[in-house]
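**Student:**
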Amino acid sequence: MAAADAEADADAGGATESVDRMTVTVRAEVLQDVVDQLLTIVDEAIFRIGYEGLSVAAVDPANVGMVMLEVEPAAFESVGDGMFPIGLNLERLDDYIGGASGADPVTLSYRPERRSIEIEHTNVEVEMAGIDPDAIRDEPDIPAIDPSVEFETDAGLFVDAVENADLASDHVRFKAVVDDGEVVVIGEGDTDEIKTEISSEDISDGAIKRDAESLFSLNYLISGGMLKPLGSGTDLRVEYSEDHPVKMHYDFADGLGHVTMMLAPRVGTN
Amino acid sequence: MADWTERYRPTSLSELRGNDKAAGKLQEWADTWDDHREAVVLHGSPGVGKTSAAHALANDMGWETMELNASDKRTGDVIEQFAGRAARNATLAGSAAGGGAAGGDTESRQLVILDEADNIHGNYDRGGKSAITKLVKESGQPIVLIANEYYDMSRGLRNACQEIEFRDVGARSIVPVLRDICRREEIEFESDALQRIAERNKGDLRGAVNDLQAIAEGRDAVTLDDVVTGDRDKSMGIFPFLDAVLKEQGAEEALQSAYSVDETPDDLTKWVEDNMLTVYDADEATRAYDFLANADVWLGRVRASQNYSYWRYATDNAAAGVAAARDGEKGGWTRWGRPQFWPSSDKTADEVVRKVAAAEGCSMDIARRRVLPFLEAMTHHCKPKELTIRMAAAYDMDEAEVSFVTGSGESTNKVQGIVEAAQARREEAMEEHAEGAFAGVPTRESDDAGADGGAGGDERDAAAPTAAADDATGSSDATDDGNDADSDDGQSGLGDFV
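Residue numbers (my numbering), protein chains in the order written: chain A, 33 to 302; chain B, 1269 to 1766.
#1: Looking only at its own chain, which residues have a Cβ that is under 8 Å from the Cβ of GLU1406/B, when we skip the five neighbours before and after it?
#2: Within 8 Å of any Cβ in chain A, is that where the Cβ of ALA1298/B sits?
#3: Name the DSSP bridge partner or partners of ARG59/A?
#4: First and last residue of the alpha helix (DSSP H) that includes MET294/A?
#5: Between ASP1436/B and LYS1470/B, is the Cβ-Cβ spacing less than 8 Å?
#6: Across which residues does DSSP place ILE163/A in a beta bridge pair?
#7: Could you confirm whether any beta carbon from chain A is found closer than 8 Å to the beta carbon of SER1398/B?
#8: GLN1574/B: buried (16+ other C-beta within 10 angstroms of its C-beta) or exposed?
#9: Under 8 Å between C-beta atoms, does SER201/A make it to chain B?
#10: Look up SER148/A in the DSSP assignment and say whether it is helix, strand or coil.
#11: Tell me whether the stretch 163-174 of chain A and the stretch 189-205 of chain A touch, counting them as touching only if at least three CB pairs, one residue from each stretch, are closer than 8 Å.
#12: Of all Cβ atoms in chain B, is any one closer than 8 Å to the Cβ of VAL66/A?
#13: I'd like the list of long-range same chain contacts for THR1583/B, defined as Cβ closer than 6 Å, with 5 residues on each side in sequence excluded.
#14: I need the boundaries of the beta strand (DSSP E) containing MET98/A, first residue and last residue.
#15: Where does TYR1276/B sit, in a helix, a strand or coil, going by DSSP?
#16: What separation, rounded to the nearest whole angstrom, lies between the Cα atoms of ARG143/A and ILE149/A?
#17: Taking its Cβ as the centre, do 16 or more other Cβ atoms sit within 10 Å of ALA161/A, making it buried, or is it exposed?
#18: For ALA1635/B, which residues of its own chain have a beta-carbon under 6 Å away from its beta-carbon, when the five flanking residues on both sides are left out?
#19: Name the chain A residues whose beta carbon is nearer than 9 Å to that of ALA1322/B?
#20: Looking only at C-alpha atoms, which of LEU1360/B, SER1671/B and ALA1690/B sits nearest to THR276/A?
#21: Can you give the Cα-Cα distance for ALA296/A and LEU122/A, rounded to whole angstroms?
#22: Which residue marks the beginning of the alpha helix (DSSP H) containing THR1602/B, and which one marks its end?
#23: Should the stretch 1464-1483 of chain B be called in touch with the stretch 1508-1516 of chain B, which here means at least 3 C-beta pairs below 8 Å?
#24: Do the CB positions of HIS1311/B and PHE1507/B come within less than 8 Å of each other?
#25: Would you kindly work out how many angstroms separate the C-alpha atoms of SER1422/B and ASP1383/B, rounded to a whole number?
#26: Tell whether a beta-carbon distance below 8 Å holds between ALA1591/B and ALA1563/B.
#27: Going by beta carbon distance, what residues of the same chain come within less than 7 Å of THR1491/B, once the five residues before and after it are set aside?
#28: As a quick exercise: from THR1333/B, ASP1618/B, ARG1377/B and ALA1324/B, pick the residue whose alpha carbon is nearest that of ARG1637/B.
#29: Which residues does DSSP list as the beta-bridge partners of PHE1672/B?
#30: Please name the residue in ILE1414/B, ALA1399/B and LEU1379/B whose C-alpha comes closest to that of ASP1386/B.
#31: With distances taken Cα to Cα, identify the nearest neighbour of ALA1365/B among ARG147/A, GLU225/A and ASP173/A.
#32: Hey, TYR282/A and LEU262/A: beta-carbon distance below 8 Å or not?
#33: Tell me the residue span of the alpha helix (DSSP H) that contains THR1424/B.
#34: What residue range does the alpha helix (DSSP H) around HIS1304/B cover?
#35: Mind checking GLU102/A: buried by the 16 CB within 10 Å criterion, or exposed?
#36: Would you say GLU76/A and ILE151/A are within 8 Å of each other, going by their C-beta atoms?
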């Protein structure tokens, strides 16, 4: 991650010097998906757009949740020569592209001399000021984790399980035991406790290598949290280990967009 | 040019200048955090290094930081969303590196820094205060609260935290910092110049560094002359202002001085009015009072119309007018006093007024303006004692309240004796009332009556309407009536007709 970023930075740095103005065109629904997912944890993020497609990584202000997003160049109608990094306010971007939908092409042009982008879609043309990337919190370096538990399941099923936990508590426990071959999603409140099983039949692919239990804050996941854009029909891959961040992956834009979400565990108070 | 206070911010607690003791305590707090898991409050004057200390500590400990300062909106929701999330969860990088969630290791720690914690108010920052208190009690991460005024924080919050005081940084500690910065910025300096900057900032290290930067801007040397001419506009203290208006300056100068005092015209007017008589003679005072009366009229218009542009006329009158009323200049040193208005918003005063109003059945306004002045005059310094005891008994006053009315010290034997005597008298009166009342109610067991009675009280009222409705004050009515007669001095209270 860190190495890739450094490269991207270097490329971008070089590219912005040489390119005066760079333009990419992407389908409205793809950009909309990107913005929707990012808005679940941050207000602003650094976009890197260009010949490698699009990549964004954003960590929430409390340094607890993170979303990484990549869209392959093939998802773009056209990509420019360089890569440009620009910090953007997501709420505003969301408003500006709100008029476009479905396969409408959205053109983003970078104007380095004014540190702004020009957005064109349908009959609308917007000039939007960028934010200095230095003013946005850098994503932390996350070392590779060998997860104790990995499983792939329908996102709708998983979201339901997590929402169940919310009925009784403000945090959720993921629990897996090697011999059981299933993952239990538990909400433990002060008085009540609710368990939802994700059985081996619902798990399309996965492995429980070691027993693992981990606790996470629900407000990062649901009620506008990271799982908000997800619904039935999307395959979600979840990886976690005891006392380590949970990672969740899914694809969008016909498999050309990839999302990784990460959430640090809750601190045990008892 | 980057801000020097940022560029030279200490990266380690050991680099913090001044406040070695506080830094040591902060380090100890962090080292033992696992055992106590309490938040800490760093308090002291602005610019002494509280925020720097917190960041330096996090850096030393290898903790991440999350800061919420006064420029952020701090409603309960926002605090919960940002600080709350940080405080209840491990950090991403830390937990991914194996720091764990339980916090046994410091790697997944994050220091939550809440700046200006004394400025979070229950109402204005909707729910902010209670959100912070809750957060501090439940946090799974170390929290540092930073405050200028420790006692402006709510008691609940103070009790939940440890406390470390940061003292003003002495000029002796400031000078080396300035010298060091000059060397690193390659700026030549005169030692006297740095000394002057340090002294002028009286304990405010950040202010000193800012001044140095402002003076050194565009220069490669700092001399004493530069420092003298580079004096910042500083606000004038209220005492120098009183000297200016009441003794030294002419009308125009006095008005200019008024502009540089950091007080509102209504407070200024009070200060001037309250101190004017200590230096003005009769003729001067007569003229000055005309101007003060004018000022007061304008202040009244401001209040009535909410048009604050009238404030200027109040200031014109209170400063220029009063200065013009003086013949020549006055010399010597005068001890200026605080205007007496301040205690009026006192809680004790409100409580006394509330009790008097409840007992007499009058409004609080009447109690404040028509009853309290008489009580004060009659029981001045607890004389006569008998009357004071009756008053204390009638209104069930405690030491603070008796002291407030009589002007005697709260902790004196005299006041305590009076309150004890008054209590004894109340109890006697209560028993008398109870016996009288329950004698008239044959079906009740008299044992049940006791010294006072919750449910019994209601029935008693029905049977004996002369006992007042309220249990707390009713039983003292017998003494009240007598008291009223003297105390009201011709003014009847509603209580007299019950």
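Beta carbons are placed, not taken as given, at the ideal position from N, Cα and C, and that holds for glycine. As the structure is a prediction and not an experimental result, all values here were calculated from the model.
**Tutor:** Short version:
#1: The residue given as residue 1406/B occupies position 138 in the second sequence. The residues are ALA1355 and ARG1356.
#2: The residue labelled residue 1298/B in the question sits at position 30 within the second sequence. Not closer than 8 Å to any Cβ of chain A, the Cβ of ALA1298/B fails to qualify, so no.
#3: Locating residue 59/A in the first sequence gives position 27, counting from the first residue. ARG59/A is bridged to PRO137/A.
#4: As a position in the first sequence, residue 294/A is number 262, starting the count at 1. Per DSSP, MET294/A is not a residue of any alpha helix (DSSP H); the beta strand (DSSP E) it occupies stretches across 289-295.
#5: For the purposes of this step, residue 1436/B is taken as residue 168 along the second sequence, with counting starting at 1. For the purposes of this step, residue 1470/B is taken as residue 202 along the second sequence, with counting starting at 1. Contact: yes.
#6: For the purposes of this step, residue 163/A is identified with residue 131 of the first sequence, where counting begins at 1. ILE163/A is bridged to GLY119/A.
#7: As a first step, residue 1398/B is located in the second sequence; it is residue number 130 there, counting from the start. For SER1398/B, the answer is no, since every Cβ of chain A falls outside 8 Å of its Cβ.
#8: Within the second sequence, numbered from 1, the residue matching residue 1574/B stands at position 306. Around the C-beta of GLN1574/B, fewer than 16 other C-beta atoms lie within 10 Å, and the residue is accordingly described as exposed.
#9: In the first sequence, residue 201/A corresponds to position 169, counting from 1. So, not an interface residue.
#10: Counted from its first residue, the first sequence places residue 148/A at position 116. Three-state result, SER148/A: strand.
#11: Not touching, per the Cβ criterion.
#12: By 1-based counting over the first sequence, the position of residue 66/A is 34. By this cut-off, VAL66/A is not an interface position.
#13: Here residue 1583/B refers to the residue found at position 315 when the second sequence is read from its first residue. Answer for THR1583/B: ALA1526 and PRO1533, listed in chain order.
#14: Position 66 of the first sequence, counting from 1, holds the residue named residue 98/A. From DSSP, the beta strand (DSSP E) with MET98/A extends over 97-103.
#15: Here residue 1276/B is taken as the residue at index 8 of the second sequence, counted from 1. Annotated three-state conformation of TYR1276/B is coil, per DSSP.
#16: Against the first sequence, residue 143/A aligns to sequence position 111. Against the first sequence, residue 149/A aligns to sequence position 117. Each residue's Cα considered, the two are about 6 Å apart.
#17: Reading the first sequence from its first residue, position 129 is the one you call residue 161/A. Around the beta carbon of ALA161/A, fewer than 16 other beta carbons sit within 10 angstroms, so the residue counts as exposed.
#18: As a position in the second sequence, residue 1635/B is number 367, starting the count at 1. Cβ within range, chain order: VAL1621, VAL1624 and ALA1625.
#19: The count along the second sequence starts at 1 and reaches residue 1322/B at position 54. Neighbours of ALA1322/B on chain A: none; closest Cβ ~16 Å, over 9 Å.
#20: Walking along the first sequence from the start, residue 276/A turns up at place 244. A quick correction: the sequence has His, not Thr, at residue 276/A. Nearest to HIS276/A by alpha-carbon distance, out of LEU1360/B, SER1671/B and ALA1690/B, is LEU1360/B.
#21: If you number the first sequence from 1, residue 296/A lands on position 264. If you number the first sequence from 1, residue 122/A lands on position 90. Using only the alpha carbons, I get a separation of about 23 Å.
#22: Stepping through the second sequence from its first residue, residue 1602/B is reached at position 334. Counting along the chain, THR1602/B falls outside any alpha helix (DSSP H), and DSSP gives it neither H nor E.
#23: Fewer than three beta-carbon pairs drawn from the stretch 1464-1483 of chain B and the stretch 1508-1516 of chain B are found closer than 8 Å, and the two stretches are therefore not classed as touching.
#24: For the purposes of this step, residue 1311/B is identified with residue 43 of the second sequence, where counting begins at 1. For the purposes of this step, residue 1507/B is identified with residue 239 of the second sequence, where counting begins at 1. Cβ atoms of HIS1311/B and PHE1507/B: not closer than 8 Å.
#25: Numbered from 1 along the second sequence, position 154 holds the residue referred to as residue 1422/B. Numbered from 1 along the second sequence, position 115 holds the residue referred to as residue 1383/B. Linking SER1422/B to ASP1383/B through their CA atoms gives a straight-line distance of about 15 Å.
#26: Your numbering for residue 1591/B matches position 323 in the second sequence. Your numbering for residue 1563/B matches position 295 in the second sequence. For the pair ALA1591/B and ALA1563/B, the CB atoms are not nearer than the 8 Å cut-off.
#27: Translated into positions along the second sequence, residue 1491/B becomes position 223. Closer than 7 Å at Cβ, skipping near neighbours: GLU1458 and ALA1461.
#28: Here residue 1637/B refers to the residue found at position 369 when the second sequence is read from its first residue. Measuring from the Cα of ARG1637/B, the nearest candidate turns out to be ASP1618/B.
#29: Position 404 of the second sequence, counted from the first residue, corresponds to residue 1672/B. In the DSSP output, where bridge partners are listed per residue, PHE1672/B has none listed.
#30: Reading the second sequence from its first residue, position 118 is the one you call residue 1386/B. With distances taken between Cα atoms, ASP1386/B lies closest to ILE1414/B.
#31: The sequence position of residue 1365/B within the second sequence is 97, counting from 1. Closest option to ALA1365/B, Cα to Cα, is ASP173/A.
#32: Here residue 282/A refers to the residue found at position 250 when the first sequence is read from its first residue. Here residue 262/A refers to the residue found at position 230 when the first sequence is read from its first residue. It is a contact, given that the beta carbons lie within the stated cut-off.
#33: Walking along the second sequence from the start, residue 1424/B turns up at place 156. Looking at the sequence provided, one finds Gly at residue 1424/B rather than Thr. That run of the alpha helix (DSSP H) goes 1423-1427.
#34: Taking the second sequence and counting its residues from 1, the one referred to as residue 1304/B is at position 36. Unbroken alpha helix (DSSP H) run through HIS1304/B: 1301-1304.
#35: One-based indexing of the first sequence puts residue 102/A at position 70. Buried, since its Cβ has 16 or more Cβ neighbours within 10 Å.
#36: Here residue 76/A refers to the residue found at position 44 when the first sequence is read from its first residue. Here residue 151/A refers to the residue found at position 119 when the first sequence is read from its first residue. Not closer than 8 Å, so no.
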